[in-house]
Ligand code: SAH
Ligand code: SF4
Ligand code: F3S
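Numbering (the working numbering), first residue to last: 303 to 739.
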């Protein structure tokens, strides 16, 4: 399995893996050793597109080089968007499926095995992928989807076209899944939706995300996270639920996209710069320790120096813990793709670099403030850079490395919680030592 894109795709890949394991398959170490290669794809920006087409094309040599029986399946957002075109461009692909029918993959693979390559794309799904079996990447963490699709149609974004209309999953089903996961040893749940704050509007006539937070926290799970929040729908009730529920992690990803009200209007984001700043002060007065992260797009059509100055200023005012900075990428079929005033590449690059600088310095400053504090971390594994260190995450989602020798051996397992004191801060991680050996 190769997974690209957002957390929704990570979730779906765990379900695809679960389905295929139920069919008796096992994960392979590399494509060379695999009988079936599945790509779960993303098309949110042009780069993701290019990478996928490149990688799938390069697998052709696997088939021509003596393994003609290998099956290649492409699903996810590019599958949904390109359907039959994908097989025309890459005829060595055996199965193309979309975002609404991952449950059909075993049957499609069976057909391909019998010599019938197939493309199946549906416009809407009937089941939630969360109702399918799952093979979780970590035994202690689970993704739980509460909504699928998106009805917001931000003018730059392709997601509504490839993920369909927004649909919520009934609250009882969400809670039942969370209970079953806790019984199975899960300690951290991440609730998923393109816009979790509008959860329930289609089913109940009003948003009920705050209730989801409280109900999932009550299942006995130790940490609840969620993604993604839309500033137009994040309401006071949700802020209260976050603040009052200890299991809900005090970290929030709240994509701003731009600091200019004019650009936000052109993006169809339905909120202003002032609204966003107001939300942040409301959040911070309810939760002084809240870590805030965001997404931002640089070079949206028609973005002037003044618009960008507003973005820089907003970032300086807020001082985000983390930000994902993207260069605007035109997506065919979206309204922004046919907006005339493209920003020159060199201007975009200059703006991008100055924004990244502001982001790095605010991230470093946020981490610096944690030096000397005690934090509870959830161990996620050995550090990738240093075998002698363990890596964990705070509730605020900061990466912390601690020396493994200082941690009792029975607590070395990933998925356990330890208390640590923070000794040193870097821009993107912290160093600490465990308390109460
Ligand atoms: N539903 C989420 C995330 C959507 S995609 C949300 O509304 O926040 C993740 C991020 O990709 C977006 O927040 C946006 O910053 C970025 N993005 C989406 N379309 C893009 C495009 N055409 N060009 C550049 N960045 C884009
Ligand atoms: Fe895309 Fe906007 Fe929907 Fe997010 S809210 S997925 S950015 S259309
Ligand atoms: Fe990409 Fe699809 Fe997610 S386009 S960002 S994988 S919803």
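The C-beta atom is built at its ideal place from N, Cα and C for all residues, glycine as well.
- The three-state reading of DSSP puts residue 404 in helix, counting H, G and I together.
- Within the same chain, and ignoring the five residues on either side of residue 697 in sequence, the residues whose Cβ sits closer than 6 Å to its Cβ are 551, 552.
- In this structure residue 472 is exposed. Its beta-carbon is surrounded by fewer than 16 other beta-carbon atoms within 10 angstroms.
- Residue 492 places its beta carbon 8 Å or farther from that of residue 470.
- Taking every protein chain shown into account, the CB of residue 653 has 16 or more other CB atoms within 10 angstroms, so this residue is buried.
- Taking every protein chain shown into account, the CB of residue 467 has fewer than 16 other CB atoms within 10 angstroms, so this residue is exposed.
- Going by C-alpha positions, residue 432 is about 7 Å away from residue 317.
- Scanning the stretch 486-574 from its first residue to its last, the whole alpha helix (DSSP H) runs of 4-plus residues come out as 503-506, 511-519, 538-546, 563-568.
- Within the DSSP secondary-structure output, residue 342 pairs in a beta bridge with 305, 377.
- In this structure, 447 is the residue among 559, 447, 321 with its C-alpha nearest to the C-alpha of residue 502.
- A direct Cα-to-Cα measurement between residue 388 and residue 348 gives close to 16 Å.
- Fully contained in the stretch 418-490 are the following beta strand (DSSP E) runs of length 3 or more, in chain order: 420-422, 443-447.
- Of 632, 599, 537, the smallest CA-CA separation from residue 584 is found for 537.
- Per DSSP, the continuous alpha helix (DSSP H) segment holding residue 350 begins and ends at 348-360.
- DSSP places residue 665 in the uninterrupted alpha helix (DSSP H) bounded by 647-670.
- Here DSSP, grouped into helix, strand and coil, assigns residue 583 to helix.
- A heavy atom of the ligand SF4 is found nearer than 7 Å to the CB of residue 455.
- Taken through DSSP and simplified to helix, strand or coil, residue 610 comes out as helix.
- Of the candidates 604, 335, 546, 733, the residue whose Cα lies closest to the Cα of residue 688 is 733.
- Distances between the C-beta of residue 403 and the heavy atoms of the ligand F3S are all 7 Å or more.
- The continuous beta strand (DSSP E) containing residue 705 extends over residues 701-705.
- Following the DSSP letters along the chain, one finds residue 733 inside the beta strand (DSSP E) bounded by residues 732-736.
- When the beta-carbon positions are compared, residue 599 and residue 559 come within less than 8 Å of each other.
- A buried status is given to residue 403, since no fewer than 16 other beta-carbon atoms sit within 10 Å of its beta-carbon.
- Remark: the shortest separation between the CB of residue 530 and any heavy atom of the ligand SAH falls under 7 Å.
- Relative to the non-hydrogen atoms of the ligand F3S, the Cβ of residue 461 comes within a distance shorter than 7 Å of at least one.
- With fewer than 16 other Cβ atoms from the protein chains shown falling within 10 Å of its own Cβ, residue 455 counts as exposed.
- Residue 354 and residue 435 have their C-alpha atoms spaced approximately 26 Å apart.
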